[in-house]
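These protein sequence lines are chains A and B, in that order. The first sequence begins at 386 in our numbering and counts up by one. The second sequence begins at 386 in our numbering and counts up by one. Comments concern the structure below.
There are 2 protein chains.
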Amino acid sequence: MSSAPTTVKIAILGPGTVGTEVVRLLERQRDDLEARVGAPIVIAGIYVRDTAVPRDPAIPRGLLTDDADALIASADVVVELMGGIEPARTMILAALERGCAVVTANKALLAAHGPELYEAADAAHADLYFEAAVAGAIPLVRPVRESLAGDHVRRILGIVNGTTNYVLDEMTTRGLGYDVALKRAQELGFAEADPTADVEGYDAAAKAAILASLAFHQRVSLDDVYREGISAITPADVAAASEVGLVIKLLAIAERTEVGVNVRVHPTLVSATHPLAGVHGAFNAVFVEAEAAGELMFYGQGAGGLPTASAVLGDIVSVARHKALGGKGPRESNYADLPVLSIASASTRFQIRMLVVDRPGVLASVAAILAAHGISIESVRQHHTSDRAHAEVVISTHRAPERDLERTVADLAASAVVHEVLSVLRIEGE
Amino acid sequence: MSSAPTTVKIAILGPGTVGTEVVRLLERQRDDLEARVGAPIVIAGIYVRDTAVPRDPAIPRGLLTDDADALIASADVVVELMGGIEPARTMILAALERGCAVVTANKALLAAHGPELYEAADAAHADLYFEAAVAGAIPLVRPVRESLAGDHVRRILGIVNGTTNYVLDEMTTRGLGYDVALKRAQELGFAEADPTADVEGYDAAAKAAILASLAFHQRVSLDDVYREGISAITPADVAAASEVGLVIKLLAIAERTEVGVNVRVHPTLVSATHPLAGVHGAFNAVFVEAEAAGELMFYGQGAGGLPTASAVLGDIVSVARHKALGGKGPRESNYADLPVLSIASASTRFQIRMLVVDRPGVLASVAAILAAHGISIESVRQHHTSDRAHAEVVISTHRAPERDLERTVADLAASAVVHEVLSVLRIEGE
């Protein structure tokens with residue numbers, strides 16, 4: 386496989402929605418694509434478990450095969466679009482070992498076994514591209530990997546789940562409650578009947594692991610990612626945020642600190658003037674802070690067959706071009722071996738919203754609890770509530786370590802003057 | 386030059402602000418960069434007109450040379466950071482003819498002589514990369530060229546000039562007048578003492594030509610770009626837009642129509658919920674509508690030595706990697722030969738703001754003038770003014786051809802019921 390192929394042979398594994406669009410686009414744009422690759426391209430075959438199952442007319446029957454080994458052995462580029470862990474993992478490893486370039490859209494696999502796959506690609510000097518696995522159609526992996534090659538990424542803040550962005554956006558712009566907004570999302574096809582994977586942040590956490598690996602050349606897997614979903618967010622949280630010019634977004638955050646990296650997914654308050662605040666509906670966006678390039682943001686559709694196919698095709702062109710140029714892929718990078726830190730070591734600003742007893746001196750007691758933990762208050766707002774016995778207090782803190790915050794919230798909740806801690810939200814992007 | 390170099394030799398032409406940062410970053414990140422390139426990289430030399438002039442300490446004196454020919458002849462990759470048309474044009478052409486890959490940040494040169502340079506690169510099968518020439522640090526050229534390789538771009542809407550975005554943003558968010566906002570921009574270093582190139586849209590027009598070439602594989606030069614600046618925008622325009630949820634941005638627009646492409650720069654009304662509306666201060670962003678990928682946006686810093694150097698470095702890594710892989714560059718694409726259309730053929734929605742005589746029947750007369758030109762009205766708003774003799778009428782039209790609009794505005798201005806046409810602004814992004 387290491388000499389330049391006169392024709393680049395492509396194997397497609399799994400002609401589902403995305404795979405079918407990829408085949409269609411490959412055929413339709415063949416002239417353009419070959420000009421960019423610098424060599425003819427041909428689909429060597431399409432792996433399916435059962436060749437007898439009827440397929441979309443765009444899939445030529447003659448190309449179907451249930452012999453994955455033989456197909457991979459004949460290919461220069463393997464495009465894995467089956468999803469799931471197995472047999473995708475085994476087939477990708479077999480392809481990389483043979484020196485094939487691999488393109489995959491398989492987020493679950495990369496989040497669970499990314500480090501193993503990155504190492505296998507590295508060892509074989511083979512390309513492993515996965516643009517479609519992180520944020521659908523948004524060109525993100527290539528910019529971070531190539532355009533920022535001479536730069537250092539400090540932090541990534543990403544809206545990487547369209548369902549939760551849709552729900553939070555509806556709550557923010559229309560004042561809907563969580564349940565109503567989620568129901569709308571389900572009716573419009575933006576949320577599944579069982580929305581757990583989206584609303585509890587599991588999908589975003591998988592993407593956060595991939596993003597962190599990419600940004601820091603660091604092996605990060607799903608288990609390293611702290612995760613909180615949006616199901617506890619109330620209209621009162623949204624309103625309290627809005628009052629001071631903030632909006633709530635579910636963010637995947639990957640951050641390089643002096644001692645390591647921390648990777649987390651949680652509802653986050655960002656300024657209404659931050660570019661991420663302008664990401665509406667089910668769109669995705671990834672905000673990158675790099676040393677030399679400064680602030681960058683990449684915005685687009687995070688899902689959908691056609692957008693995802695577009696991202697896969699871009700990857701195919703890149704790796705096919707490298708194949709046509711005849712060399713082995715270079716080693717992607719020197720992997721770093723930074724500690725992946727727990728959430729306790731993260732440091733952010735916080736907004737604590739609580740019901741307190743409505744009498745003089747209460748604010749002083751609350752402030753004393755924060756002071757005892759070394760947490761500095763940036764602002765306090767107080768509202769009277771309808772029951773007259775309680776007031777609502779919203780405290781924004783200066784940057785503080787997460788571990789101090791946890792203890793502070795516990796002390797607040799236990800305090801005689803605090804009736805209830807209503808919510809604790811992190812503030813980012815400043 | 387066509388066999389794989391064991392070491393990739395880089396020539397830097399012009400060690401100004403950006404060039405110095407590039408040299409500094411190249412040295413600081415050498416290990417990382419070489420891992421990504423897959424071969425050792427070395428700075429073969431740095432061309433300066435006068436080797437005796439003192440330089441930044443980051444520039445090794447021993448690498449300076451005033452012999453550009455000899456330097457280019459010894460290089461694999463030539464990085465042109467001199468700016469201006471000559472001798473940059475001649476040196477780049479010489480480098481391409483020799484099969485060198487070329488990286489340039491020279492917007493003026495590409496806008497004026499882009500087609501000649503793209504053809505020379507194509508003929509020599511050499512890479513010509515220019516990420517830093519369009520929108521500073523924003524990775525844009527590579528995503529459009531590679532990630533969207535199998536897609537078709539329909540339209541690009543870009544905020545590509547930081548000065549004008551800063552001025553319009555100050556007018557919008559602080560209610561400042563144009564002169565005051567411009568003065569602030571000058572004080573903060575966002576605008577030059579002579580701001581003409583920015584505020585009259587010349588800089589944006591140059592970038593529009595490059596963007597259009599890129600998006601449509603079409604040779605577009607500065608002369609093909611229709612251009613209007615922002616100096617006529619008044620606080621009343623901003624307020625009238627804001628009343629109906631619109632904001633004014635100076636956009637570079639490149640559009641593929643059924644009969645050709647049209648490329649233009651003018652103040653444009655976009656919805657306050659459009660992602661471009663969330664681009665504040667001196668930031669840049671480019672919004673892309675593609676057939677398969679859908680809507681994408683790329684956001685970041687459009688200028689500055691360090692961000693620009695970051696973009697140049699990303700390009701160096703890409704072309705050096707191709708050199709290390711040993712092949713000639715592929716032909717970039719099949720260039721299209723679409724007609725580049727005049728502004729008269731463009732079609733947009735319009736907002737016409739005018740002072741009319743304040744008496745019954747005037748709206749009917751105004752509507753009749755639009756109807757006579759086949760222009761359909763979407764909404765009309767009318768305000769009384771302080772002088773009582775006149776009313777202000779703001780008409781938003783449905784999509785209409787620019788040529789019809791011009792005639793309509795002429796007829797409105799000549800009408801007895803119209804005292805003055807205050808402004809005509811295009812509405813985009815819907």
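Beta carbons are placed, not taken as given, at the ideal position from N, Cα and C, and that holds for glycine.
From the options, residue whose alpha carbon lies closest to that of residue i
i      : options                        : result
A:A694 : A:A589, A:I397, A:Y684, A:G430 : A:I397
A:A624 : A:N669, A:A589, A:A749, A:T558 : A:T558
B:Q571 : B:G560, B:S808, B:T549         : B:T549
A:A458 : A:L478, A:G663, A:V408, A:L561 : A:L478
A:G399 : A:A667, A:G468, A:C485, A:A486 : A:G468
A:A496 : A:V644, A:R413, A:V648         : A:V648
B:F683 : A:V704, A:V702, A:G666, A:L661 : A:L661
B:V673 : A:L494, A:D722, A:A522         : A:A522
A:I329 : A:V650, A:G679, A:V655, A:R483 : As displayed, chain A neither begins before 386 nor continues past 815, which places residue 329 of chain A out of reach and without an answer.
B:E419 : B:D722, B:R706, B:M739, B:A753 : B:R706
B:G630 : B:P620, B:S656, B:Y611         : B:S656
B:A576 : B:G560, B:Y587, B:V552         : B:V552
Minimum Cβ-Cβ distance from residue i to chain B less than 8 Å
i      : result
A:Y514 : no
A:N719 : Confidence is the limiting factor: at A:N719 the pLDDT is only 49, short of 50, which leaves the residue's position unreliable and the question unanswerable from this model.
A:G711 : yes
A:V702 : yes
A:Q767 : no
A:H498 : no
A:T405 : no
A:I523 : yes
A:L726 : no
A:L481 : no
A:R784 : no
Bridge-paired residues (DSSP) for residue i
i      : result
B:T669 : The question names Thr, but residue 669 of chain B is Asn in the sequence shown. B:G685.
A:I397 : A:I431, A:V464
B:E640 : B:R540, B:N647
B:S808 : B:R738
A:G690 : Answer is none; A:G690 lacks a bridge partner.
A:K634 : A:T653
A:E680 : A:E674
A:L513 : A:V487
B:I831 : The question about residue 831 of chain B has no answer here: the residues shown for chain B are numbered 386 through 815.
Contacts of residue i in chain B (Cβ-Cβ under 7 Å)
i      : result
A:T658 : H665
A:E680 : G685, Q686
A:L691 : A677
Beta carbon proximity, residue i to chain A, threshold 8 Å
i      : result
B:Y684 : yes
B:S695 : yes
B:L631 : no
B:Q414 : yes
B:H707 : yes
B:L635 : no
B:R649 : no
B:R421 : yes
B:I397 : no
Contact set between residue i and chain A, taken where Cβ atoms lie within less than 7 Å
i      : result
B:E531 : R527, G699, V702, S703
B:L418 : A534, G535
Contact list for residue i against chain B, beta-carbon separation under 9 Å
i      : result
A:I638 : Neighbours of A:I638 on chain B: none; closest Cβ ~18 Å, over 9 Å.
A:G543 : What A:G543 touches in chain B: nothing, since even the nearest Cβ is about 13 Å away.
A:A662 : G663
Closer than 8 Å at the beta carbon, the chain B residues around residue i
i      : result
A:L654 : Chain B residues near A:L654: none, gap ~16 Å exceeds 8 Å.
A:T773 : Sequence check: residue 773 of chain A is Arg here, not Thr. Correct list: empty, because the minimum Cβ distance to chain B is about 39 Å.
Per-residue contacts from residue i into chain A (C-beta, under 8 Å)
i      : result
B:A518 : Correct list: empty, because the minimum Cβ distance to chain A is about 14 Å.
Per-residue contacts from residue i into chain A (C-beta, under 9 Å)
i      : result
B:L355 : No statement about residue 355 of chain B is possible, as the shown extent of chain B runs from 386 to 815 and does not include it.
B:L410 : G535, D536, A677
Alpha helix (DSSP H) runs contained entirely in the segment 546 to 630 of chain B, provided each spans 4 or more residues: 547 to 559, 563 to 572, 581 to 584, 587 to 601, 620 to 628
Ranges of the beta strand (DSSP E) found wholly within the segment 448 to 504 of chain B, counting only runs of at least 3: Within the segment 448 to 504 of chain B, complete beta strand (DSSP E) segments of at least 3 residues are found at 462 to 465, 486 to 489, given in chain order.
Runs of alpha helix (DSSP H) wholly within the segment 725 to 805 of chain A (minimum 4 residues, chain order): Annotation: the segment 725 to 805 of chain A contains the following complete segments of the alpha helix (DSSP H) (minimum length 4 residues), in chain order: 747 to 757, 787 to 799.
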